[in-house]
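Below you'll find the structure, written out as structure tokens, and then a few comments.
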Amino acid sequence: MSYASIAKDGLWDNNVVFAQMLALCPTLAVTGSATNGLGMGLATTAVLLASNVLISAVRHLVSEEVRIPVYIVLIATLVTLVDMGLNAWAHELYKVLGLFIALIVVNCAILGRAESFASKSPVAESAADGLMMGLGFTAALVAIGGVREILGSGTLFANAHLLLGQSFAFLELTLIPEYRGYLLMILPPGGFLVVGFLLAGKRLLDRRLAARHAAAASLSLAPSP
Amino acid sequence: MNLDALRAKLSYQTLLLGSVVLLTSGALAVASRTTEADIQAAAARDLQASLAQVLPGQYDNDLLQDTILIAAPDGDTTVYRARRAGRVEAVVFQTEARGYAGPVVCIMGVTREGQLLGVRVLKHTETPGLGDKIEPAKSKWIHAFEGKSLADPATDKWAVKKDGGVFDQFAGATITPRAVVRAVRQGLELFAKEKPRMLGEEKEGQADASRNRGERASTREGQAVVVKPLARQQPRSAGGARSAGTGMYMEVHEDSEHRTPHKGTPTFYGLKPMKDRMRPDHARAVDL
């Protein structure tokens, strides 16, 4: 499998949220704002990369019958290690991300990638897959969080400096000044609504693209006979 | 390949699972031991930082070491004492009340005269974008408490503006600021009651008597716990009430109901029997 197709798969074609429809629980839970979505996405990407590498490395040792418990134990251990390490040595970051890290354990996308890709592929490709799937997940969370935040509170990337440091304070925008907020969008129903509309939008775009490709193909075929 | 034949064996799988679990447990144990000291240090730094936020000024003792346990309505609370030249100048302690989505834990600094030095919210689960304006990073609201005391504003003005008090509420979120105001007021009342012990100035002869008083006070506070089930009801009633006006009306009732005890004289508590506090609560629980 080429790296280009791995990247395209992770970022768009087989996107964790918008194509595989996995990890909806953390997705709906944390995307009240774009900043939270970004934090959860980055933390998940790190764990996904590490778990893909680890599982790919031991794939020859693990037998078919006990693979699921082995993967689960490995992933849970990784998440716990990341949690403890961040708490001890990057405490400021931990205070922002701490809530998200525990949630990563229940992210079925990680087990899904272990099962469907890392357990069958060499280490380097598994690493690329983990990274791209993670980035695709991050992009989806930021998109959902961004839409909810704009509609819900009229801001974008509010409090990004808490996550990324003072130098990223320029990201914080107030798009609609004096906005009184639309509570529904910040509460869980808003998450369902936004995920639904974005999903429909992606499907529509994919269909248009496919139609255009088909048209282009028939055009290029037409003159040949 | 040899490994393939091996992998199909039951004993191999058992061994594999066992060794994976052993290895990961080992890794976790090692990681836990290496990070433990750093995590505790970070937690202590956090505590020190939050103490410093509600305790402006210079003190010459180690607050984390100079503590005393005081019986509060919701269990014992640790009081950190800040001294200058041996005399306790201010105390810091935690106080909590039920917010919209869970407990709101505040830390507050009080001078020996009973004036608030500062309040910070340590932990809460309020709605992002609405209730989280109690965090100083998101709004200046929490600074409104600085310099206030039980006498200023008057006891019945210790409420949000919607309830006739002096503190602002937020657009779309009244329960959260109400919970913080209640927590702070309860904290000040605790300070007023336990002042000699908190300041470490009770005389030897009085120690016994005051301990008794403390006990009586805490049984009396047993009634003040009445407030808690009431307050627990609030999020639920408020959940439906957020958008509708009618529910808010009920809330105000709840609040005025639970403000009354503070207006009454202490004997009021002693005389009112249990049914008084149980009945409305149960009725409400059934209603909801």
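Note that the protein sequences, when read in sequence, are chains E and W. For any residue, its number in our numbering is found by taking its place in the first sequence, counting from 1, and adding 832. For any residue, its number in our numbering is found by taking its place in the second sequence, counting from 1, and adding 7. Virtual Cβ for every residue (Gly too), placed ideally from N, Cα, C.
- Secondary structure remark: continuous alpha helix (DSSP H) runs of at least 4 residues inside the segment 170–204 of chain W: none found.
- Sorting E:D961, E:A908, E:S948 by C-alpha distance to the C-alpha of E:V938 places E:A908 at the top.
- Chain-ordered, the chain E residues with CB closer than 7 Å to the CB of W:D45 read A920, W921.
- In the DSSP annotation of this structure, the continuous segment of the alpha helix (DSSP H) that includes E:I936 starts and ends at 923–936.
- Between E:S985 and E:N884, the gap from beta carbon to beta carbon reaches 7 Å or more.
- Contact note: E:N884 does not reach chain W at a C-beta cutoff of 9 Å; the least C-beta distance is about 17 Å.
- One Cα belongs to W:T21, the other to E:L893, and the distance between them is close to 13 Å.
- For W:F100, the beta-bridge partners assigned by DSSP are W:V86, W:M115.
- For W:A78, there is no enclosing alpha helix (DSSP H); the enclosing beta strand (DSSP E) has its first and last residue at 74–79.
- The segment 868–886 of chain E makes contact with the segment 921–941 of chain E; the number of CB pairs closer than 8 Å reaches 3 or more.
- For E:N847, none of the residues of chain W pass the 7 Å Cβ criterion, the least Cβ distance being about 25 Å.
- For chain W, the residues of the segment 1003–1026 of chain E that bring a beta carbon within less than 8 Å of one of its beta carbons are R1012, G1013, L1015, I1018, L1019, in chain order.
- Here W:R91 is exposed. Its C-beta has fewer than 16 other C-beta atoms within 10 Å.
- Beta-bridge pairing by DSSP links W:Q122 to W:S156.
- Closest option to W:V117, judged by alpha-carbon separation, among W:E196, W:T42, W:W165, W:T134: W:E196.
- The beta carbon of E:V905 sits closer than 7 Å to some beta carbon of chain W.
- Looking at the DSSP output, E:T863 bridges to nothing.
- As the crow flies, the alpha-carbon of E:Y926 is around 21 Å from that of W:I141.
- Using a 10 angstroms sphere on the CB of E:L1037, the tally of other CB atoms stays under 16, which defines it as exposed.
- Under the three-pair Cβ rule at 8 Å, the segment 1031–1048 of chain E does not count as touching the segment 994–1014 of chain E.
- The segment 857–867 of chain E makes no contact with the segment 914–921 of chain E: fewer than 3 CB pairs, one atom from each, lie closer than 8 Å.
- The alpha-carbon separation between W:L137 and W:W148 amounts to approximately 12 Å.
- Annotation for E:A1046: the continuous alpha helix (DSSP H) segment containing it runs 1020–1053.
- For the segment 937–959 of chain E, no residue has a beta-carbon sitting nearer than 9 Å to a beta-carbon of chain W.
- Residues of the segment 47–68 of chain W that bring their beta carbon within less than 7 Å of a beta carbon in chain E comprise A49, in sequence order.
- The C-beta separation of W:A89 from W:L62 comes to about 6 Å, placing the pair in contact by the 8 Å criterion.
- Cβ proximity to chain E below 7 Å picks out V27, V28, T31, A34, L35, A38, S39, T42 from the segment 27–44 of chain W.
- Restricting attention to W:V128, W:E133, W:A78, W:D67, the CA atom closest to the CA of W:A180 is found in W:E133.
- At the C-beta level, E:L856 and E:I942 stay beyond 7 Å of one another.
- Note: W:R91 is bridge-paired with W:R94 in the DSSP secondary-structure output.
- In this structure, E:L1019 is the residue among E:F1029, E:A1049, E:T912, E:L1019 with its C-alpha nearest to the C-alpha of E:S865.
- Between the segment 120–129 of chain W and the segment 151–160 of chain W, the count of C-beta pairs closer than 8 Å reaches three or more; the two stretches touch.
- Under the 8 Å Cβ criterion, the segment 896–916 of chain E does not count as touching the segment 964–974 of chain E, having fewer than three qualifying pairs.
- Using a Cβ-Cβ cut-off of 7 Å, E:V979 does not count as an interface residue toward chain W, since no Cβ of chain W sits closer than that to its own.
- Taking 7 Å as the cut-off, the beta carbon of W:A190 is found no closer than this to the beta carbon of W:T85.
- Taking 7 Å as the CB threshold, W:L206 stays off the interface with chain E.
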